[in-house]
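So in the working numbering, spot 192 of the sequence shown is number 248, and the numbers just go up one at a time. Beta carbons are placed, not taken as given, at the ideal position from N, Cα and C, and that holds for glycine. Bear in mind that the values here come from a model prediction, so they are computed numbers and not experimental data. Since the structure comes first, as structure tokens, the remarks are kept for the end.
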Amino acid sequence: QNQRIYIARGNAVAARGNNEVRADTLIAHYREKAAAKPDAKTEGGLPATVSGEGSGSTEIFRVEAVGNVILKHEASTVTGERAVYDIDQGIAVITGKNLKLTTATDVVTARDSLEWYDGKQVAVARGDAVATRSPKTIKADILTAYMHKAAQPPTKQPLAKAAPRAGAAAASPAPRPPAASGAGPGTARGGVGG
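Structure follows, in structure tokens:
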């Protein structure tokens with residue numbers, strides 16, 4: 057309690073929204089959550105609020121993962137030996153052996169570290185970085201992968217059936233718009249960054 061941490065050992069899991077961290081050991085750093093409380097002053101007949109401490113509730117702002125680390129975010133997975141995830145900034149840094157980012161179509165590996173920037177949907181691989189989308193491969197000291205979600209395919213709509221008017225040709229269904237081009241969810245486009 058004095059250090060303001062929770063420690064989970066043995067197949068530990070932490071999840072928030074679309075993000076999940078799994079490891080042998082998780083160390084979650086927490087802080088007191090600021091809460092709005094009424095102030096004596098009023099504005100326009102409504103009580104004004106100020107943020108204050110002492111609410112008793114807490115929030116986790118940083119997670120350290122040690123041993124067999126797996127980070128999942130929507131359609132991508134990152135593995136390594138150790139990770140530090142700064143929730144406030146939406147940045148995860150994964151280190152250790154066998155660093156790998158996997159999506160539906162791509163694999164990115166690195167020797168030194170893999171960094172994930174949640175807000176920008178960007179991954180940075182450092183040290184003998186390799187990005188592979190079969191049959192193509194890109195190698196660099198530092199490689200930046202930009203993720204994007206593919207457009208959803210058009211939904212199939214039932215064809216309306218109507219009896220043709222006398223003397224008119226039967227109506228044919230309207231042509232469908234072409235499917236949006238682009239790769240699948242979590243696709244990485246590799247480029248050398250610095």
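Task: Cβ separation of Y141 and V77, assumed to be a contact under 8 Å, to the nearest whole Å - done: 6 Å
Open item on the list: If distances are taken between C-alpha atoms only, which option among R87, L170, V186 comes closest to K195?
Closed with: V186
- [ ] Determine the contact status of G175 and G146, defining contact as a CB-CB distance below 8 Å.
- [x] yes
- [ ] Taking all protein chains shown into account, decide if G136 is buried (16 or more other Cβ within 10 angstroms of its Cβ) or exposed.
- [x] buried
Open item on the list: To the nearest angstrom, how far is the alpha carbon of I150 from that of I143?
Closed with: 14 Å
TODO: Over the uninterrupted beta strand (DSSP E) stretch that includes A120, give me the two end residues.
DONE: With the sequence shown as reference, residue 120 is identified as Glu, and Ala is not the correct amino acid for it. Run containing E120: 114 to 129, per the beta strand (DSSP E) assignment.
Open item on the list: Residues in the same chain with beta-carbon distance under 6 Å from A225, minus the five sequence neighbours each way, listed in chain order, please.
Closed with: For A225, the predicted model reports a pLDDT of 40, less than 50, meaning its position is unreliable; a value from the coordinates is still stated below. Contacts found: none.
Task: Distance between E171 and S132 (C-alpha atoms, nearest Å) - done: 13 Å
Open item on the list: Here's a check: name, in chain order, each residue in its chain whose Cβ is nearer than 7 Å to the Cβ of R60, leaving out the five neighbours to either side.
Closed with: H85, Y86, R87
Task: Distance between beta carbons of L157 and S169, contact taken as under 8 Å - done: Not a contact, Cβ separation roughly 11 Å.
Open item on the list: Among the candidates Y62, V134, Y173, whose CA atom is the shortest distance from the CA of T165?
Closed with: V134
Task: Uninterrupted beta strand (DSSP E) stretches inside the stretch 133 to 188 (no shorter than 3 residues) - done: 147 to 151, 155 to 158, 163 to 166, 169 to 173
TODO: Identify, in the order they occur along the chain, each residue of the same chain with its Cβ nearer than 8 Å to the Cβ of G152, setting aside the five sequence neighbours on each side.
DONE: V125, G136, E137, R138
Open item on the list: So if DSSP puts K192 in a beta bridge, which residue, or which two residues, is it bridged to?
Closed with: R189
Open item on the list: Given this structure, state the Cα-to-Cα distance separating Y62 from T159, to the nearest angstrom.
Closed with: 31 Å
Task: Outcome for E69 when other beta-carbon atoms lying within 10 angstroms are tallied against a minimum of 16 - done: At residue 69 the sequence reads Val, which differs from the Glu that was named. Flag for V69 reads exposed.
Task: Residues bridged to N75 (per DSSP) - done: R72, H129
Task: Local Cβ density within 10 Å of K193, reported as buried at 16 or more and exposed below that - done: Residue 193 is actually Thr in this sequence, not Lys. Exposed: under 16 other Cβ atoms inside 10 Å.
TODO: Answer with buried or exposed for R72, where buried requires no fewer than 16 other C-beta atoms within 10 angstroms of its C-beta.
DONE: exposed
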